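S.K.: Keeping their order, the protein sequence lines are chains Y and L. At position 90 of the first sequence the residue is numbered 90 (the UniProt record's numbering), and the sequence of numbers has no breaks. At position 37 of the second sequence the residue is numbered 37 (the UniProt record's numbering), and the sequence of numbers has no breaks.
2 protein chains.
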Amino acid sequence: MASTISGRPPGRPRAGLHDVVFAATLRTVHELGYARATVERIAAAAGVAKTTIYRRWPSKGELIVDCLLDAFGPVPLEGADRTELMSSAVRWIAAKIGEPGVGDAFAGVFSDAVSDPGLREVLATRLQDPYRRALQDALGEPESRVLFFIDVVVGALLHRMGMTGEPMVDADVAALTEMVLAHFATGPA
Amino acid sequence: MASTISGRPPGRPRAGLHDVVFAATLRTVHELGYARATVERIAAAAGVAKTTIYRRWPSKGELIVDCLLDAFGPVPLEGADRTELMSSAVRWIAAKIGEPGVGDAFAGVFSDAVSDPGLREVLATRLQDPYRRALQDALGEPESRVLFFIDVVVGALLHRMGMTGEPMVDADVAALTEMVLAHFATGPA
DNA sequence: GGGTATCGAAACCTTAGGTAGCGAAACTAG
DNA sequence: CTAGTTTCGCTACCTAAGGTTTCGATACCC
């Protein structure tokens, strides 16, 4: 059998490599950019062999998606009313994208997904759907409106990041928040 | 000397290959997606050798940029007031992105630019700046607000395209138009 | 110490962007 | 018709990167 009484499987233990690899991924992406952050370089930065990475993640894209899930964590859905809720969500995603490496990794994996349907599926299922559902439940908006909200907010933030290489400044984040709040003020149809 | 009396330089003429290559590029991108639309495949679709492509364009990215410039053409800046002007601009870019191949090529070259500073420069200088300036002059808005406008509109359209593989539906384009119009209704600061 | 699962290292495959060299084609000028 | 000029097509090649395979070494449980 593969399992033992203590629950721990026999053999060489899988040390807490996920965290080390995630940190090395963000660091490497931050320092070199997404494309130059090759799997071999990430592995080297983590002090790990390339094959070890591929044993745990089937592709670079899925490694990045897992890394982003780890970096984002749960959406802080705090706020008394819809207005506070939405504005906190916008500021949260803007702040996360501003963290070193996160924005580049996010924009990069999105890039790859453009012409990789498999990665697009992973991105939609593992990253977008959970956050969309959480927003949907909290706001009571229909799916199509939440998707539109995500397109506008994430699209604008990533477009700025992609064009300038820098995250959106606070003033523009404030304008973005104000704009979507005004548009969604009326509540669900 | 390299030129002759008739103005036409001697030697084998550069036939109108640009149009053929542009058409082949959009067709190939539309059929295979951006990443699978390799330069060799585009060349084959155009009935041209790969080396001929690289003689005229220094990289795949610049080929795509030129192709997009050809596909977009000038911004139709028609409209009596700011409202008509902005809404026509939004609908124009949405319609262009909806054309077969154009949206995929646009999203794809944007993707590559994320981690290719040289391409990002080309994209900013040749594609974004002219349209930004035209909008700036027509609207009388400061540069930062026009850039914000572009981030929101183009970002949302490309994000939808990247996530679903399909361009934004008319209802969402209408909502996008309405939203930015409401936000920009007050005129420049 | 024995069994088991993981890790590291090296070699390898494939795709794709991009380059070099050379002969052939197409055109102008005389 | 010939010479000169420019571009084209073809083949072969280089490099980078994602991803796979193999095998020996290592670390853990019992």
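Positions of the beta carbon are idealized from the N, C-alpha and C atoms, including for glycine. Please read all numbers here as calculations on a predicted model, not as lab measurements.
Which chain Y residues are close to Phe110 of chain L, counting only those with a beta carbon under 7 Å from its beta carbon?
M.R.: As a first step, residue 110 of chain L must be located in the second sequence, where it is residue number 110. The answer, in chain order, is Gly162.
S.K.: Just the C-alpha distance for Met168 of chain L and Arg41 of chain L, rounded to the nearest angstrom, thanks.
M.R.: On the second sequence, position 168 is the one that residue 168 of chain L refers to. On the second sequence, position 41 is the one that residue 41 of chain L refers to. Roughly 28 Å separates the two Cα atoms.
S.K.: Would DSSP call Asp70 of chain L helix, strand or coil?
M.R.: Against the second sequence, residue 70 of chain L aligns to sequence position 70. In the structure shown, Asp70 of chain L sits in a helix (DSSP, three-state: H, G or I).
S.K.: For chain Y, check one thing: does any of its Cβ atoms lie closer than 7 Å to the Cβ of Ile5 of chain L?
M.R.: Numbered from its first residue, the second sequence carries residue 5 of chain L at position 5. With a pLDDT of 34 at Ile5 of chain L, under the threshold of 50, the modelled position of this residue cannot be trusted; read the value that follows with caution. By this cut-off, Ile5 of chain L is not an interface position.
S.K.: In angstroms, rounded to a whole number, what distance separates the CA positions of His18 of chain Y and Leu69 of chain L?
M.R.: Counting from one through the first sequence, the residue named residue 18 of chain Y turns up at place 18. Counting from one through the second sequence, the residue named residue 69 of chain L turns up at place 69. In a straight line, the C-alpha of His18 of chain Y is about 44 Å away from that of Leu69 of chain L.
S.K.: To the nearest angstrom, report how far apart Asp172 of chain Y and Asp151 of chain L are at their CA atoms.
M.R.: The residue labelled residue 172 of chain Y in the question sits at position 172 within the first sequence. The residue labelled residue 151 of chain L in the question sits at position 151 within the second sequence. Roughly 10 Å between the two C-alpha positions.
S.K.: Check whether the segment 93 to 103 of chain L and the segment 64 to 80 of chain L touch, using three or more Cβ-Cβ pairs below 8 Å as the test.
M.R.: yes
S.K.: Residues of the segment 109 to 133 of chain Y in Cβ contact with chain L at a cutoff of 8 Å, in chain order, please.
M.R.: Phe110, Ser111, Asp112, Ala113, Val114, Ser115, Asp116, Pro117, Arg120, Leu123, Ala124, Gln128
S.K.: Use the C-beta contact count for Leu158 of chain L: other C-beta atoms within 10 angstroms, 16 or more gives buried, fewer gives exposed.
M.R.: In the second sequence, residue 158 of chain L corresponds to position 158, counting from 1. Leu158 of chain L should be labelled buried.
S.K.: Phe148 of chain Y CB to nearest chain L CB: under 7 Å?
M.R.: Against the first sequence, residue 148 of chain Y aligns to sequence position 148. Cβ-Cβ to chain L under 7 Å: yes for Phe148 of chain Y.
S.K.: Measure the Cβ-Cβ separation of Ala107 of chain Y and Gly162 of chain Y and say whether it is below 7 Å.
M.R.: As a working note, residue 107 of chain Y is residue 107 in the first sequence. As a working note, residue 162 of chain Y is residue 162 in the first sequence. Against a cut-off of 7 Å, the Cβ pair of Gly162 of chain Y and Ala107 of chain Y comes out as a contact.
S.K.: Taking all protein chains shown into account, do 16 or more other C-beta atoms lie within 10 angstroms of the C-beta of Asp137 of chain L, making it buried, or fewer, making it exposed?
M.R.: By 1-based counting over the second sequence, the position of residue 137 of chain L is 137. Flag for Asp137 of chain L reads exposed.
S.K.: Listing by chain order, which chain L residues have their CB less than 7 Å from the CB of Asp170 of chain Y?
M.R.: Along the first sequence, read from residue 1 onward, the residue named residue 170 of chain Y stands at position 170. Within chain L, no residue comes near Asp170 of chain Y; the closest Cβ sits about 13 Å away, beyond 7 Å.
S.K.: Does the beta carbon of Gly155 of chain Y sit closer than 7 Å to a beta carbon anywhere in chain L?
M.R.: Along the first sequence, one-based indexing puts residue 155 of chain Y at 155. Gly155 of chain Y counts as touching chain L.
S.K.: Which residues, in order along the segment 15 to 34 of chain L, keep a beta-carbon less than 7 Å from a beta-carbon of chain Y?
M.R.: Gly33, Tyr34
S.K.: Is Thr125 of chain Y buried or exposed, if buried means 16 or more other CB atoms sit within 10 Å of its CB?
M.R.: Position 125 of the first sequence, counting from 1, holds the residue named residue 125 of chain Y. With fewer than 16 Cβ atoms within 10 Å of its Cβ, Thr125 of chain Y is classed as exposed.
S.K.: Express the C-alpha separation of Gly79 of chain Y and Phe184 of chain Y in angstroms, rounding to a whole number.
M.R.: To locate residue 184 of chain Y, count along the first sequence from 1; it is residue 184. To locate residue 79 of chain Y, count along the first sequence from 1; it is residue 79. C-alpha separation (whole angstroms): 16 Å.
S.K.: According to DSSP, is Trp92 of chain L part of a helix, a strand, or is it coil?
M.R.: In the second sequence, the residue the question calls residue 92 of chain L occupies position 92. Trp92 of chain L falls in the helix class under three-state DSSP.
S.K.: Is the shortest distance between the beta-carbon of Ala182 of chain L and the beta-carbons of chain Y less than 7 Å?
M.R.: Translated into positions along the second sequence, residue 182 of chain L becomes position 182. It does: the Cβ of Ala182 of chain L has a partner Cβ on chain Y nearer than 7 Å.
S.K.: Along chain Y, in chain order, which residues have C-beta atoms closer than 9 Å to that of Val90 of chain L?
M.R.: Counting from one through the second sequence, the residue named residue 90 of chain L turns up at place 90. Near Val90 of chain L there are no residues of chain Y at all, since even the closest Cβ is about 12 Å away, more than 9 Å.
S.K.: Classify Arg14 of chain L: buried if its beta carbon has 16 or more other beta carbons within 10 angstroms, exposed otherwise.
M.R.: Taking the first residue of the second sequence as 1, we reach residue 14 of chain L at position 14. Exposed is the call here.
S.K.: Where do the N-terminal and C-terminal ends of the alpha helix (DSSP H) with Asp81 of chain Y fall, by residue?
M.R.: The residue given as residue 81 of chain Y occupies position 81 in the first sequence. Looking at the DSSP string, Asp81 of chain Y is not in any alpha helix (DSSP H), and its letter there is neither H nor E.
S.K.: Chain L beta carbons: is any one of them nearer than 7 Å to that of Ala49 of chain Y?
M.R.: Within the first sequence, numbered from 1, the residue matching residue 49 of chain Y stands at position 49. Not one chain L Cβ lies under 7 Å of Ala49 of chain Y.
S.K.: Could you name the residues of chain L that Asp151 of chain Y contacts, counting a contact when the two beta carbons are closer than 7 Å?
M.R.: Counting from 1 along the first sequence, the entry for residue 151 of chain Y is found at position 151. Within 7 Å Cβ-Cβ: Ala156, His159, Arg160.
S.K.: For Thr51 of chain Y and Ser115 of chain Y, what's the separation of their Cα atoms in angstroms?
M.R.: Taking the first residue of the first sequence as 1, we reach residue 51 of chain Y at position 51. Taking the first residue of the first sequence as 1, we reach residue 115 of chain Y at position 115. About 25 Å.
S.K.: Which residues in chain L sit within 9 Å of Arg36 of chain Y, going by Cβ to Cβ distance?
M.R.: As a working note, residue 36 of chain Y is residue 36 in the first sequence. Under the 9 Å cutoff, chain L gives Ser115.
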